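Chains Z and H supply the protein sequences, listed in that same order.
This note's numbering applies: residue 24 is where the first sequence begins, and numbers increase by one.
This note's numbering applies: residue 1383 is where the second sequence begins, and numbers increase by one.
Think of the CB as a built atom: it goes at the ideal place given N, C-alpha and C, for glycine as much as any other residue.
No experiment lies behind these values; they were computed from the predicted model shown.
First the structure, in the form of structure tokens, and then the observations on it.
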Amino acid sequence: MQSFLVFVVGTTIIIRTFFHFTRRFSLSNVKTNHLYIVLIACLATHTLIFKDHPLALWLSFGMFFILLKVFDKNFSKIMDVLFSQKQIILIDQIIFAIRGGKSLRSAVAEVAQQNRGWLKLQLREILSVLEHGIELNNTSKGRVVADFTKTLAHIDSKKTHQLDSLNLYRNKLKTRENFRRRSGKIKGQIYAQTVIMSCLLVVMSGFGVYQFGWNAMKSILPLAVTFFVAGVFCMIRIGRGIKWKL
Amino acid sequence: MEAIAPIMEMIWQVRFGLEEGVSIRASLTRLASDDVEAKDITLFLSVFSQGMPLTDFYADLKSPQRQLFFKLMEKGLRGDSILKPLKELELETQKYCEEHVEWCLSVLPFKMLLPLFFLQLPAFLLVLFGPILFNLLHSIRGI
């Protein structure tokens, strides 16, 4: 009975959080329903497995809820990264469609048709913003998507020289991207070194355990990991310490 | 380190704004609202609006590029054409930024050597030779 109660309360809270998440991802109703079914099935199976341990059940539901919340909070950042990778290609497609004799809105609609999945739904949403003049919520959509929509809405409102404005916007994005790519080498180098070193430590630890046995390694590994993590922190600090001097 | 230097963000915002017909003040206000060097921009706009001399403000700026940028903004707000000198400043600043990145990339391996030698290498040595060393110590104590 207690497990069933945990299942009902936990599932309700998780589904509620998941609903916000699916809305942010602009998922279609069919996909959302499928995801709900899978989610409820997983939660029910989980409850059945741990039905004799209500505390473990509470903890696992709580952890899942926290994970969803953390992911939901950082979602706009993920969205920004995904969208910024496609932004210039999208503008190119819109420019081609306009050169083919279409208006900006028709061009966006055509580009939405050409794309698939999440991007298609995003473009449809942007199109509805252009058509109905609704303000896009900056916090729920991520800064890049919001900026893209705002710029398209601004260009759409101009009625003349739309192609010039789009080319200018593309030029702006391209310049930024080129610059970012060059200056991103520093971060890349730090991350690459950290990842390679971490992999090396894992492999060497595995080798150590294989060669000398777990008993010999169990007192050494915590010390080695502490040293290693301190090294990683130092590296990150060095990376953060590099600043633009202008 | 930000991926893009704030000064480049400022130059681009104003330059692309001008090319699109947006006023310098509107571009600067947008930069401040986007939190790109908001402190300097807000101070500059407030000093300029009050009609006070900007010499002290320029003296407090940390780089010549920044000084030049704000001097250009002052000229622009007074009605002069600044697009051409702004583009020149953009090229110069971009070149400087690239040189700075190159310099950082050349110095970085040496800086990274310190944590590598003093923290990560001991960790690797511990994993590799720790058990042997412990066994040796045990054997010595046993003797």
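I'd like to know if residue i contacts chain B, where contact means its C-beta is closer than 8 Å to some C-beta of that chain.
i	result
M1392 (chain H)	The structure shown contains no chain B; its protein chains are Z and H.
Under the assumption that residue i contacts residue j (Cβ atoms under 8 Å), give the Cβ distance between them as a whole number of angstroms.
i	j	result
I114 (chain Z)	R39 (chain Z)	Not a contact, Cβ separation roughly 37 Å.
S188 (chain Z)	E1402 (chain H)	6 Å
Q216 (chain Z)	M1494 (chain H)	6 Å
Q110 (chain Z)	L191 (chain Z)	Incorrect: roughly 14 Å between the Cβ atoms, too far for contact.
F18 (chain Z)	V168 (chain Z)	Residue coverage of chain Z in this structure runs from 24 to 269, which leaves residue 18 (chain Z) outside it and unanswerable.
P1491 (chain H)	I243 (chain Z)	Incorrect: roughly 29 Å between the Cβ atoms, too far for contact.
Once the 5 residues before and after residue i are set aside, which same chain residues still bring their CB inside 7 Å of it?
i	result
K54 (chain Z)	none
V1418 (chain H)	P1388, E1391, M1392
V1429 (chain H)	L1436, F1439
T1475 (chain H)	I1389, M1390, I1393, Q1447
F1451 (chain H)	I1389, M1392, I1393, L1471
K1469 (chain H)	R1397
Q1395 (chain H)	S1409, R1412, L1413
Would you kindly work out how many angstroms separate the C-alpha atoms of residue i and residue j, rounded to a whole number?
i	j	result
D1416 (chain H)	F230 (chain Z)	51 Å
K1457 (chain H)	I1406 (chain H)	10 Å
F1426 (chain H)	P1435 (chain H)	10 Å
L146 (chain Z)	A176 (chain Z)	13 Å
S221 (chain Z)	F1511 (chain H)	18 Å
I1386 (chain H)	H1520 (chain H)	56 Å
A1505 (chain H)	C1486 (chain H)	27 Å
L1465 (chain H)	T1424 (chain H)	22 Å
R1397 (chain H)	S1409 (chain H)	9 Å
I121 (chain Z)	T249 (chain Z)	58 Å
L1498 (chain H)	S228 (chain Z)	17 Å
S1445 (chain H)	M258 (chain Z)	27 Å
L1473 (chain H)	F202 (chain Z)	12 Å
F1500 (chain H)	L71 (chain Z)	51 Å
L80 (chain Z)	W237 (chain Z)	32 Å
L153 (chain Z)	Q1449 (chain H)	40 Å
L78 (chain Z)	L246 (chain Z)	33 Å
V1483 (chain H)	Q234 (chain Z)	44 Å
I265 (chain Z)	G165 (chain Z)	27 Å
A135 (chain Z)	G1461 (chain H)	43 Å
T174 (chain Z)	L1400 (chain H)	15 Å
L1515 (chain H)	K210 (chain Z)	37 Å
S1528 (chain H)	R1523 (chain H)	No information on residue 1528 (chain H) is available, as it lies outside the stretch 1383 to 1525 that chain H covers here.
Which residues bound the alpha helix (DSSP H) around residue i?
i	result
N201 (chain Z)	185-235
N138 (chain Z)	It is not in any alpha helix (DSSP H) - N138 (chain Z) carries neither H nor E in the DSSP assignment.
F1511 (chain H)	1503-1524
W81 (chain Z)	77-96
A1408 (chain H)	1406-1415
S1463 (chain H)	Premise fails: S1463 (chain H) is in no alpha helix (DSSP H) and is neither H nor E.
F1451 (chain H)	1446-1459
S180 (chain Z)	166-181
Q1432 (chain H)	No alpha helix (DSSP H) holds Q1432 (chain H); DSSP gives it neither H nor E.
E1391 (chain H)	1388-1402
M258 (chain Z)	244-264
L1443 (chain H)	L1443 (chain H) -> no alpha helix (DSSP H), and no H or E assigned at all.
V53 (chain Z)	52-72
Within the 8 Å Cβ cut-off, does residue i reach chain Z?
i	result
S1488 (chain H)	no
V1509 (chain H)	yes
Y1478 (chain H)	yes
L1495 (chain H)	no
I1386 (chain H)	yes
S1445 (chain H)	yes
A1505 (chain H)	yes
E1474 (chain H)	no
I1522 (chain H)	no
F1398 (chain H)	yes
E1401 (chain H)	yes
F1516 (chain H)	yes
Hey, would you say the C-beta of residue i is under 7 Å away from at least one heavy atom of the ligand MG?
i	result
S1431 (chain H)	The model depicted lacks the ligand MG and carries no ligand whatsoever.
Taking Cβ positions only, does residue i come closer than 8 Å to chain H?
i	result
M227 (chain Z)	yes
W267 (chain Z)	yes
R39 (chain Z)	no
M240 (chain Z)	yes
Q110 (chain Z)	no
S188 (chain Z)	yes
M102 (chain Z)	no
V209 (chain Z)	It should be noted that the sequence gives Ile, not Val, for residue 209 (chain Z). Output row for I209 (chain Z): interface = yes.
I243 (chain Z)	yes
K96 (chain Z)	no
G165 (chain Z)	no
L191 (chain Z)	yes
Spatial neighbours of residue i within its chain, please: C-beta separation below 8 Å, excluding the five flanking residues on both sides.
i	result
F88 (chain Z)	G33, I36, I37, T40
S83 (chain Z)	H69, F73
L150 (chain Z)	R128, V131, A132, A135
Excluding the 5 residues flanking residue i on each side, which residues of the same chain have their C-beta closer than 6 Å to its C-beta?
i	result
E133 (chain Z)	A120
F251 (chain Z)	L224
M240 (chain Z)	G231, V232
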